[in-house]
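Here is the structure we will look at, set down as structure tokens.
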Amino acid sequence: MTFDPPYLIVTATHDYRTKRRVDLHFIADELSRLGETMFLATHSSALSTLRGRDQRHELRNVPSPVGSAVESHLWYSMLHPVNLRPAGLAAWNAVASALYARIMPHRVNVMVRRARTIIVESGSAVALIPEIARRNPDARIIYSASDTLRTIGMARFYEHALEKAAPLIDYARLPSARMAADHTCIAHHRIIPHGLAETFFAERPDPYAGRTSAVSVGSMLFDPNVFDVAAKAFPHIDFHVIGSGHDGQDRENLHWISEMGFEDTIPYIQHARFGIAPYRSASMADYLVDTSMKLMQFAAIGLPAICPDFAQGGHPLRFGYTVGDDASLLRAVERALACERRWPDHPRTWRQVTAEMVAPLDDAAR
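Numbering (the UniProt record's numbering), first residue to last: 1 to 366.
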């Protein structure tokens, strides 16, 4: 069984044209080297715009980036299914998701029918898999589990939707073996860890003007209390928080920076004294030991980091703390400050990751 172009990536959370870069953006870039590649962003509507939680609507009429070989499209509608967690609303989730899939716009339908390999990311997009398979029964479907549905707070309906769609999925790409137990409904797994862009290692100028600084990049499971506590206790350290989606306490040494492009974040990481992965507690989040891209980036340049105990994983450059325990957090900061940089841990590249994803799958292994 082969996974050939045209390729289509389907995600309910991201858009190829945003500043923020996650695994799917890098995978799309590498797939485009192999053949025609499309990136479909779903579940964006006037409703999500009003709620202020989805800024992708600003990209509706924005063309794909100049020089990019990736065709980008945002499926924007008046309404879309909302992740309603109460069990009593499961029926509404089912009806809304089925209706949303059935009224697939013409351009989306064309993209789905044109693809030979379709990569669906974990999240609300799982409910689209049956309709995608109905419209293009010959396509190969890869489920890319960036996170488990439970950890990112998806309603039980979506877990059931994944279970029902499982026979239609050729394999699940899991960035951590710790995620396998949550995906037993899918017959075949490939454990393919995240990669890192080769440009990450090019030396950049110091943005900190010589001050001792710590950095955090990203918004997943973000816990703002980490910075409220640490910035107060360590006034001689500048804390730079990039793309968290939060505005915390206003302190002279606490810098809340809006989302920026991946390349722009690199010097902040390279020249920091230590990194911070400020995750809040979440169900079954232990796989972050392996999948946290911020922790992976810190390790790639030998940078000490602090993180919750559940993401520490025995790594010598990670200093764990108990979420909600201020004293524990401050001890972790002190240990990170006392630790020198060590030999870096170079991960695989995104080109290697993508090559593994599209490598032929033995039909007998399905």
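Even for Gly, the Cβ is constructed at its ideal location relative to N, Cα and C.
The segment 17-32 and the segment 345-357 touch, with three or more beta-carbon pairs separated by less than 8 angstroms. When Cβ pairs closer than 8 angstroms are counted between the two stretches, the segment 207-225 is seen to touch the segment 268-276, the count reaching three or more.
Between the segment 149-165 and the segment 261-270 there are fewer than three inter-stretch CB-CB distances shorter than 8 angstroms, so the stretches are not counted as touching. Closest in alpha carbon position to isoleucine 237, among Gly248, Asp223, Gly243 and Asn253, is Asn253. If you draw a 10 Å sphere on the C-beta of arginine 342, you find fewer than 16 other C-beta atoms in it, and that means exposed. Look at proline 63 here: in three-state DSSP terms it is coil, with no helix or strand label. Non-local C-beta neighbours of proline 235 in its own chain, meaning closer than 7 angstroms and more than five positions away in sequence, comprise Asn253, ordered along the chain. Non-local beta-carbon contacts of leucine 196 in its own chain, meaning distances under 6 angstroms to residues more than five positions away in sequence, involve Ala300 and Pro347 in chain order. Inclusion of leucine 128 and alanine 101 in the CB contact set at 7 angstroms is warranted, their separation being smaller than that value. An exposed status is given to lysine 19, since fewer than 16 other beta-carbon atoms sit within 10 Å of its beta-carbon.
Judged by DSSP in its simplified three-state form, tryptophan 350 adopts helix. Taking serine 283 as the centre and dropping the five residues before and after it, the same chain places the C-beta of Arg150 and Thr151 closer than 8 angstroms to its C-beta, in chain order. In terms of CA proximity to aspartate 170, Thr2 leads the group Asp345, Thr349, Cys339 and Thr2. About 44 angstroms separates the CB atoms of proline 360 and alanine 336; that is not less than 8 angstroms, and the two are not in contact. Membership of arginine 318 in the beta strand (DSSP E) is indicated by the continuous run 318-321.
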